[in-house]
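Trainee:
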Amino acid sequence: AHLKRRRGEGTDFHQMREYRVGDSLRQVDWKATARARKLISREYQDEKNQQLVLMIDTGRRMMASEGGLSHFDHVLNAALVVSYLALRQGDGVGLFAAGGDSRWVAPKRGMGTIDTLLRASYDLQAQPVATDYLAAATELSLRQRRRSLVMLVTNVRDEDIEDLLAAVRLLQRQHLVCVASLRERALDDALAQPVESLQDAAQAGAIARYLQQRSDAHDALRSHRVMVLDVTAEALPGALVERYLAVKRDGLL
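Going by my numbering, the sequence shown wraps up at 253, each residue one higher than the last.
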């Protein structure tokens with residue numbers, strides 16, 4: 001379990017200031033307090049110059065479409081959103097696309113990195129091939145030596161879980177890993193429909209079994225201390241941003 005930090009309790013020293021209600025005793029600088037004859041606290045901020053690598057699946061799992069866009073297009077949009085935030089926070093951001101089309105952009109700091117990411121990804125497309133998660137993880141481990149938050153965006157299926165677990169365990173030797181697993185909204189919509197025939201019942205049963213297998217695969221990842229986001233394509237940008245901020249806030253990286 002990780003204790004959440006309160007405001008002012010990051011990892012990089014920021015400034016000395018007068019004690020405020022809510023500060024922890026760990027923040028109090030007793031030497032400065034004695035000199036000033038009033039309580040003085042050390043204020044910290046979230047550590048900067050850390051690294052985020054967005055690892056994007058470009059295989060067949062990303063070819064589903066929703067709202068006029070493929071899952072892959074949704075993923076690229078979400079990647080740019082969380083990249084922008086991380087760059088604003090002073091972190092470096094990199095991109096690794098693997099599966100079908102392959103692409104590597106080493107992590108860089110500065111807002112100009114957004115243009116670099118856009119140029120590097122504008123022609124990427126999902127391809128009708130199976131993604132070799134372990135091969136991708138091996139390549140990324142060789143390319144990215146510095147510890148990073150690796151956000152792998154894919155669509156986790158039960159039949160892929162052994163390969164994915166092997167890939168994640170390899171990445172965890174160096175990195176903090178988060179797997180964002182895209183869920184097809186059409187499945188939730190189908191389950192919400194009334195069951196009026198045997199065919200409807202059979203379809204609902206098949207979907208329920210598929211979703212249970214998917215949930216079991218996610219639990220297998222969590223049992224290996226992997227952060228898992230089970231989200232629709234529409235909710236992906238917010239979910240990535242929220243998890244990135246939580247990692248920063250809790251000092252996990």
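Glycine included, each C-beta is placed from N, C-alpha and C at the ideal position. Predicted model, so just to flag it, every value in this text is computed and none were measured.
Keeping to the same chain, check which residues put their C-beta closer than 7 angstroms to that of Lys38; ignore five residues upstream and five downstream.
Mentor: Same-chain partners within the cutoff: Glu18.
Trainee: Please go through the same chain and pick out, in chain order, the residues whose beta-carbon is closer than 6 angstroms to the beta-carbon of Ala270, but skip the five residues on each side of it.
Mentor: This structure leaves residue 270 out entirely; the chain is present only between 1 and 253.
Trainee: Give every residue of the same chain whose Cβ lies closer than 6 angstroms to the Cβ of Met227, excluding the five residues on either side of it in the sequence, and list them in chain order.
Mentor: Cys178, listed in sequence order.
Trainee: Compute the beta-carbon to beta-carbon distance between Met151 and Leu54, rounded to the nearest angstrom, for a pair I have assumed lies under 8 angstroms.
Mentor: Their Cβ separation, rounded to whole angstroms, is 5 angstroms, which keeps Met151 and Leu54 in contact under 8 angstroms.
Trainee: Okay, do the region 159-175 and the region 207-224 touch, 3+ Cβ pairs below 8 angstroms being the bar?
Mentor: The region 159-175 is in contact with the region 207-224.
Trainee: In the region 161-186, which residue ranges form an unbroken beta strand (DSSP E) of at least 3 residues, counting only runs that do not cross its ends?
Mentor: Within the region 161-186, the complete beta strand (DSSP E) runs of at least 3 residues are 176-183.
Trainee: I want to check one thing, is the minimum distance from the CB of Val156 to the heavy atoms of the ligand MG below 7 angstroms?
Mentor: As far as ligands go, the structure on display features none, and thus does not contain the ligand MG.
Trainee: I need the DSSP call for Ser230, collapsed to helix, strand or coil.
Mentor: The question names Ser, yet the displayed sequence has Asp at residue 230. Three-state DSSP puts Asp230 in a strand.
Trainee: When DSSP labels each residue in this structure, what does Arg6 get in the three-state scheme?
Mentor: Because the pLDDT at Arg6 is just 45, under 50, the model does not fix this residue reliably, and the point stays unresolved.
Trainee: Under a three-way DSSP split, which group does Asp57 fall into?
Mentor: Correct three-state label for Asp57: strand.
Trainee: According to DSSP, is Ser24 helix, strand or coil?
Mentor: Residue state, collapsed to three classes: coil.
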